[in-house]
Amino acid sequence: MKEKLQDIKNKLAYYLMRGAIASFSLLPFCVLYFISDMLYYVVRYIVRYRRKVVKENLANSFPEKSEDERKTIEKQFYHHFCDMIVEWIKTYRMSYDDILKHVEFENRDAMANLIKEGRNMMFASSHKGNWEWMPALYWQLDCPNLVGVEVNRPAKNPYINAFLKSIRNRLGMELVDKNDIIRPLLKYRKGEKTFGLGLLADQTPSIKNIDYWTEFLHQDTPFLSGPERMARMFKSAYVYADVVRIKRGYYKYRLTVLSVNVAEEEEYAATEKYARLLEKSIQEYPSDWLWTHRRWKHKRENNK
Numbered sequence: 000m001k002e003k004l005q006d007i008k009n010k011l012a013y014y015l016m017r018g019a020i021a022s023f024s025l026l027p028f029c030v031l032y033f034i035s036d037m038l039y040y041v042v043r044y045i046v047r048y049r050r051k052v053v054k055e056n057l058a059n060s061f062p063e064k065s066e067d068e069r070k071t072i073e074k075q076f077y078h079h080f081c082d083m084i085v086e087w088i089k090t091y092r093m094s095y096d097d098i099l100k101h102v103e104f105e106n107r108d109a110m111a112n113l114i115k116e117g118r119n120m121m122f123a124s125s126h127k128g129n130w131e132w133m134p135a136l137y138w139q140l141d142c143p144n145l146v147g148v149e150v151n152r153p154a155k156n157p158y159i160n161a162f163l164k165s166i167r168n169r170l171g172m173e174l175v176d177k178n179d180i181i182r183p184l185l186k187y188r189k190g191e192k193t194f195g196l197g198l199l200a201d202q203t204p205s206i207k208n209i210d211y212w213t214e215f216l217h218q219d220t221p222f223l224s225g226p227e228r229m230a231r232m233f234k235s236a237y238v239y240a241d242v243v244r245i246k247r248g249y250y251k252y253r254l255t256v257l258s259v260n261v262a263e264e265e266e267y268a269a270t271e272k273y274a275r276l277l278e279k280s281i282q283e284y285p286s287d288w289l290w291t292h293r294r295w296k297h298k299r300e301n302n303k
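So that you can map any letter, position 6 of the sequence shown is 5 in numbering that gives the first Met the number 0, and since no number is skipped, the others follow by simple counting.
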């Protein structure tokens, strides 16, 4: 009885979510951005979504800035955060051509050369800008042997999880479970396919998996080493995918090859390069990063 009741709740949540997304995604961007402007006041002033976390993160990351400067960044961040929500909703009905009108890629030719060399690619991106439209790169490369892969973090609700997966599958991405990444990649390699694996490499590792620290935005910060380890295993190229907001709803993806073959680099060298470029980009475009993330919840003195 308890399981049946939970299933009913899951289905109800799914139908409500799908109905809302299907309805709002019909609206043009100009209306969605008006909704975003209204949502900003709800999120920042009424719900006060993670205001304390955002303020603390900004204070620790930009001690050289005045309180007024940090407050400006905070306001701009919450506006961008709400824009991200409506852009994600709009993605539900956007075609390939629609998305391509909103994105551009810097250094795309270097990616094409890696594919010609038969190199698999690890794209280390971050929670900055609109990372959801990154799959557009694979369409522009137009290589039949290239498989675009993303890591799926399953939602607890199985119906919502299947719905979210269908949206990403529609964008041409193959999804692999976060606990079973290697096996599908081996399958692609065996099938003589070149894969590009997109990873949000700025996530906080679990405390038991921390093995690399570096100073990042004036703070001791643990970084995921898993992306680099996978790149070593497959002798892959390691590419930093930086997302820069050009204007509202338009983004540039700056692609920087950190290593053509990570297996030939010193351990953690690619991870350190990634940290430095991400730090520089955040300092340049501070309001575009996801400041609601509890990035510094682990302390180095507790992980020796």
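Cβ coordinates follow ideal geometry from the N, Cα and C atoms, glycine included.
Which residues in the same chain as residue 117 place their Cβ atom closer than 8 Å to its Cβ, once the five residues preceding and following it in sequence are excluded?
-> Indexing the sequence shown from 1 puts residue 117 at position 118. The answer, listed in chain order, is 193.
DSSP three-state call for residue 123: helix, strand or coil?
-> In the sequence shown, the residue the question calls residue 123 occupies position 124. Strand, per DSSP.
With a 10 Å radius around its C-beta and 16 neighbouring C-beta atoms as the bar for buried, classify residue 181 as buried or exposed.
-> For the purposes of this step, residue 181 is identified with residue 182 of the sequence shown, where counting begins at 1. Label assigned to residue 181: exposed.
Just the Cα atoms here: how many angstroms apart are residue 17 and residue 84?
-> The residue you call residue 17 lines up with position 18 of the sequence shown. The residue you call residue 84 lines up with position 85 of the sequence shown. Spanning the two alpha carbons is a distance of roughly 14 Å.
Tell me whether residue 305 is buried or exposed, calling it buried when 16 or more other Cβ atoms sit within 10 Å of its Cβ.
-> A question about residue 305 goes unanswered here, because the residues of the chain that appear run from 0 up to 303.
Spell out a yes or no on whether the segment 157-168 and the segment 193-205 are touching, meaning 3 or more CB-CB pairs, one atom from each, closer than 8 Å.
-> no
When burial is assigned at 16 or more other CB atoms within 10 Å of the CB, is residue 257 buried or exposed?
-> Locating residue 257 in the sequence shown gives position 258, counting from the first residue. Buried, since its Cβ has 16 or more Cβ neighbours within 10 Å.
Mapping DSSP to helix, strand and coil, what is residue 27?
-> Along the sequence shown, one-based indexing puts residue 27 at 28. Coil.
Out of 179, 229 and 100, state which residue places its alpha-carbon closest to the alpha-carbon of residue 153.
-> Taking the sequence shown and counting its residues from 1, one reaches residue 153 at position 154. When only C-alpha atoms are compared, the closest one is 179.
Cβ neighbours of residue 210 in the same chain (closer than 7 Å, five flanking residues each side left out) = Mapped onto the sequence shown, residue 210 falls at position 211. Here the set comprises 224.
Compute the distance between the beta-carbons of residue 103 and residue 251, then report whether it is under 9 Å.
-> Walking along the sequence shown from the start, residue 103 turns up at place 104. Walking along the sequence shown from the start, residue 251 turns up at place 252. Taking 9 Å as the Cβ cut-off, residue 103 and residue 251 qualify as a contacting pair.
Report the rounded CA-to-CA distance for residue 285 versus residue 4, giving the unit in angstroms.
-> Counting from one through the sequence shown, the residue named residue 285 turns up at place 286. Counting from one through the sequence shown, the residue named residue 4 turns up at place 5. If you take the alpha carbons of residue 285 and residue 4, they lie about 45 Å apart.
Could you say which of 145, 158, 167 and 47 lies nearest to residue 151 if we only look at CA atoms?
-> Looking up residue 151 in the sequence shown gives position 152. Comparing Cα positions, the closest option is 167.
My guess is that residue 137 and residue 171 are in contact by the Cβ rule of under 8 Å, so how many angstroms apart are they, rounded?
-> Your numbering for residue 137 matches position 138 in the sequence shown. Your numbering for residue 171 matches position 172 in the sequence shown. Residue 137 to residue 171, Cβ: 6 Å. Contact.
What three-state label does DSSP hand residue 105 in the structure shown?
-> Residue 105 sits at position 106 when you count from the first residue of the sequence shown. Three-state DSSP puts residue 105 in a strand.
Leaving out the 5 sequence neighbours to the left and right, which residues in its chain are closer than 6 Å to residue 144 when beta-carbon positions are compared?
-> In the sequence shown, counting from the first residue as 1, residue 144 sits at position 145. Contacts found: 192 and 193.
Just to confirm, are residue 219 and residue 294 a CB contact at a threshold of 9 Å?
-> For the purposes of this step, residue 219 is taken as residue 220 along the sequence shown, with counting starting at 1. For the purposes of this step, residue 294 is taken as residue 295 along the sequence shown, with counting starting at 1. No, the pair does not count as a contact, with Cβ atoms beyond the cut-off.
So what does DSSP say about residue 61, is it helix, strand or coil?
-> Walking along the sequence shown from the start, residue 61 turns up at place 62. The answer is coil: DSSP assigns residue 61 none of H, G, I, E or B.
May I ask which residues mark the beginning and end of the alpha helix (DSSP H) holding residue 180?
-> Mapped onto the sequence shown, residue 180 falls at position 181. Element bounds for residue 180: n/a, residue is neither H nor E.
Which residue from 237, 270, 235 and 222 puts its Cα closest to that of residue 297?
-> In the sequence shown, residue 297 corresponds to position 298, counting from 1. It is 222 whose Cα lies nearest to the Cα of residue 297.
Helix, strand or coil: which one does DSSP assign to residue 249?
-> Taking the sequence shown and counting its residues from 1, the one referred to as residue 249 is at position 250. Correct three-state label for residue 249: strand.
Roughly how many angstroms separate the alpha carbons of residue 271 and residue 228, rounded to a whole number?
-> Here residue 271 refers to the residue found at position 272 of the sequence shown. Here residue 228 refers to the residue found at position 229 of the sequence shown. Answer to the nearest angstrom: the Cα atoms are 13 Å apart.
DSSP three-state assignment for residue 244, whether helix, strand or coil = Position 245 of the sequence shown, counted from the start, is the residue given in the question as residue 244. The answer is strand: DSSP assigns residue 244 an E or B state.
Identify whether residue 310 lies in helix, strand or coil by the three-state DSSP scheme.
-> Here the chain has residues from 0 to 303 only, and residue 310 is not among them.
When DSSP labels each residue in this structure, what does residue 162 get in the three-state scheme?
-> In the sequence shown, residue 162 corresponds to position 163, counting from 1. It is helical.
Selection from 175, 196, 127 and 197 that minimises the alpha carbon distance to residue 243 = The residue given as residue 243 occupies position 244 in the sequence shown. Closest option to residue 243, Cα to Cα, is 127.
Distance, Cα to Cα, residue 65 vs residue 197?
-> Working through the sequence shown from its first residue, we reach residue 65 at position 66. Working through the sequence shown from its first residue, we reach residue 197 at position 198. Approximately 36 Å, taken between the alpha carbons.
Beta-carbon proximity list for residue 81, same chain, < 7 Å, skipping 5 on both sides = By one-based count along the sequence shown, residue 81 stands at place 82. The residues are 35, 38, 39 and 42.
In the structure shown, what three-state DSSP assignment does residue 18 receive?
-> Counted from its first residue, the sequence shown places residue 18 at position 19. Of the three classes helix, strand and coil, the one that applies to residue 18 here is helix, per DSSP.
Mind checking residue 7: buried by the 16 CB within 10 Å criterion, or exposed?
-> In the sequence shown, the residue the question calls residue 7 occupies position 8. With fewer than 16 Cβ atoms within 10 Å of its Cβ, residue 7 is classed as exposed.
Mind checking which residues open and close the beta strand (DSSP E) that includes residue 195?
-> In the sequence shown, the residue the question calls residue 195 occupies position 196. It spans 193-199 - the beta strand (DSSP E) in which residue 195 sits, taken as one unbroken run.
The alpha helix (DSSP H) spanning residue 67 covers which residue range?
-> The residue given as residue 67 occupies position 68 in the sequence shown. Note, residue 67: alpha helix (DSSP H), 66-90.
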